[in-house]
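> Each position in the sequence shown, counted from 1, maps to that position plus 1121 in this note's numbering.
Glycine included, each C-beta is placed from N, C-alpha and C at the ideal position.
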Amino acid sequence: MGMEDLRARFLEGMSRAATFVAVATTDGDGGRAGVTLSSLTSVSADGDQPSLLACIHNQSPAAAAILKNRAFCANLLAEDQQALSDLFAGRGGNYHAARFARADWSAGALGQPILAGATAVFECRLATALLWETHHIIVGRVHAVRLSDQPAALLYGQRAYRRAVHLPGHEV
Ligand SMILES: Cc1cc2nc3c(=O)[nH]c(=O)nc-3n(C[C@H](O)[C@H](O)[C@H](O)COP(=O)(O)O)c2cc1C
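(1) What is the residue span of the beta strand (DSSP E) that Ser1165 lies within?
(2) Could you give the distance in angstroms between the alpha-carbon of Ala1228 and the alpha-carbon of Leu1188?
(3) According to the Cβ coordinates, are Asn1280 and Gln1170 closer than 9 angstroms?
(4) Is any heavy atom in ligand 1 found nearer than 8 angstroms to the beta carbon of Val1142?
(5) Since I believe Ala1195 is in contact with Phe1243 (beta carbons under 8 angstroms), could you give me their beta-carbon distance rounded to a whole number of angstroms?
(6) Regarding Cys1176 and ligand 1, is the C-beta to nearest heavy atom distance less than 8 angstroms?
(7) I'd like the span of the alpha helix (DSSP H) that includes Leu1127, first residue to last.
(8) Comparing the CB of Pro1289 with every heavy atom of ligand 1, is any distance shorter than 8 angstroms?
(9) Give the list of continuous beta strand (DSSP E) stretches no shorter than 3 residues that lie fully inside the region 1241 to 1274.
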């Protein structure tokens, strides 16, 4: 399999993995920045504190800002927040300060931007980071979790926004 074909098949394969959508936000000496992510993943609930990771492109201003600020929020978007996802993905302008001007947010306990309406917000301090080829794998220690009363998260799969539907036959 040629490398171009391998890359295309990798992208197609991963596009079939529907994921939730988060916006990583950060503020401090390294600047205020935010970026839309499908790579947010829980690492552990049972360490000294819970931890999570995100993979952010090394050319994203958000990655440099998180590494400098050593803190960030992972804002898990609610099902009705597609527009916020597009905003922080740079669809409509790639200027990071403008993203915050168009979003409703407030500073959390660590001084990190909390996006209004997010279904869950994980306030993190940077624990460690690894540059793997193009992306920083950023691990955060979770200091606080805010939960909204809207538990349905926005999903992204097969290159479109989606929502989870309940399958019949397995009642909860
Ligand atoms: C649904 C969705 C998921 C994304 N997931 C990631 C991701 O996990 N990591 C990443 O570096 N960029 C991801 N991106 C791309 C960034 O949001 C952004 O478009 C890109 O980094 C360029 O803008 P920047 O100035 O914020 O870096 C995603 C975009 C979308 C729409």
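Taking the definition as stated:
(1) 1162 to 1165
(2) 18 angstroms
(3) In the sequence under discussion, the amino acid at residue 1280 is Arg, which differs from the Asn named in the question. No. Outside cutoff.
(4) yes
(5) 4 angstroms
(6) yes
(7) 1124 to 1136
(8) no
(9) 1241 to 1253, 1256 to 1268
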